[in-house]
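Take a look at the structure below.
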Ligand SMILES: [Zn+2]
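In my numbering, the protein residues as written are 131 to 373.
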């Protein structure tokens, strides 16, 4: 299935992040501290100066334009990748920023959150991964906090496979991922990387300021399937976080 031009390096690295032959994970040996040494193509995991995730802090006031988000209900499937639970998307959902359109490819979850906001970690974070026709990547991230049960999230809980490598179809499920975003769509913006190998940089990050709620049972369901799958925060270095 050809969603974007595959010759472009960032998108190629995204594909590699999904299906690389080199095994990586979150345990001691193959975990984040060693990713940069597992394969030559992962070297930027340890040498990159613009890595994700980060602790979002020292914000710069900027006049950020509202994100124009056009998500549809075309979910294809939910996959247990071993390293995360991922929902794949059919073409047709996108968002626009900086005059450029980014198509939603997939979204996936991390327990606990990868990014921190002012030093605070959240119990879970979702990453909506997009690519432009030019092959540039952009992520919209949303934090989850414990509270009321989230009826939209429950659709994924009800369909997620327990076994690594398994995939369940969502084609008959009417579900718009826009419902996983907070009503208030104010966001932080900065440059970063993929948070999993090959850790490619040049990814535009948008992190929603407002968290959304989920129940303790829903968090437990994700934790049971994914385990702890957060890369620790990395230094901002010269980067600024705009708000
Ligand atoms: Zn992620």
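Heads up, the beta-carbon is just placed ideally off N, CA and C, and yes, glycines get one too.
Output the residues surrounding ligand 1, defined as those with a CB atom closer than 6 Å to any ligand heavy atom, in chain order. Working through the chain, the matches are 238, 240, 257 and 325.
Does the distance from the CB of residue 121 to the CB of residue 208 come in under 9 Å? Nothing can be reported for residue 121, as the shown portion of the chain is limited to 131 through 373.
What is the rounded straight-line gap between the Cα of residue 268 and the Cα of residue 182? Counting from 1 along the chain shown, the entry for residue 268 is found at position 138. Counting from 1 along the chain shown, the entry for residue 182 is found at position 52. Rounded to the nearest angstrom, the gap between the Cα atoms of residue 268 and residue 182 is 12 Å.
Could you check where the beta strand (DSSP E) with residue 166 kicks off and where it finishes? Locating residue 166 in the chain shown gives position 36, counting from the first residue. Premise fails: residue 166 lies in the alpha helix (DSSP H), 165-168, not in any beta strand (DSSP E).
For residue 284, which of 350, 241 and 188 has the nearest alpha-carbon? Here residue 284 refers to the residue found at position 154 of the chain shown. Ranked by Cα distance from residue 284, the first of 350, 241 and 188 is 350.
Pull up the CB-CB distance for residue 238 and residue 203, whole angstroms please, since I reckon it's below 8 Å. The sequence position of residue 238 within the chain shown is 108, counting from 1. The sequence position of residue 203 within the chain shown is 73, counting from 1. With 8 Å as the limit, residue 238 and residue 203 do not qualify as a contact, their Cβ atoms being about 18 Å apart.
Would residue 356 and residue 318 be called neighbours here (beta carbons separated by less than 9 Å)? Working through the chain shown from its first residue, we reach residue 356 at position 226. Working through the chain shown from its first residue, we reach residue 318 at position 188. No.
Roughly how many angstroms separate the alpha carbons of residue 296 and residue 365, rounded to a whole number? For the purposes of this step, residue 296 is taken as the residue at position 166 of the chain shown. For the purposes of this step, residue 365 is taken as the residue at position 235 of the chain shown. The straight-line gap from Cα to Cα measures roughly 35 Å.
Residue 190 classed as buried or exposed, judged by whether at least 16 other C-beta atoms fall within 10 angstroms: As a position in the chain shown, residue 190 is number 60, starting the count at 1. Answer is exposed; the Cβ neighbour count stays below 16.
Could you compute how far the alpha carbon of residue 286 sits from the alpha carbon of residue 247? Taking the first residue of the chain shown as 1, we reach residue 286 at position 156. Taking the first residue of the chain shown as 1, we reach residue 247 at position 117. When rounded, the distance between both Cα atoms is 26 Å.
Please report the distance separating the alpha-carbon of residue 368 from that of residue 223. Taking the chain shown and counting its residues from 1, one reaches residue 368 at position 238. Taking the chain shown and counting its residues from 1, one reaches residue 223 at position 93. Approximately 33 Å, taken between the alpha carbons.
Between the Cα of residue 358 and those of 157, 153, 152 and 332, spot the shortest distance and give me the residue it belongs to. The count along the chain shown starts at 1 and reaches residue 358 at position 228. It is 157.
Going by C-alpha distance, which of 177, 210 and 217 is nearest residue 292? As a first step, residue 292 is located in the chain shown; it is residue number 162 there, counting from the start. Looking only at 177, 210 and 217, the smallest Cα-Cα distance to residue 292 is reached by 210.
Report the residue from 166, 240 and 227 whose alpha carbon sits nearest the alpha carbon of residue 193. In the chain shown, the residue the question calls residue 193 occupies position 63. For the residues 166, 240 and 227, the minimum Cα distance to residue 193 belongs to 227.
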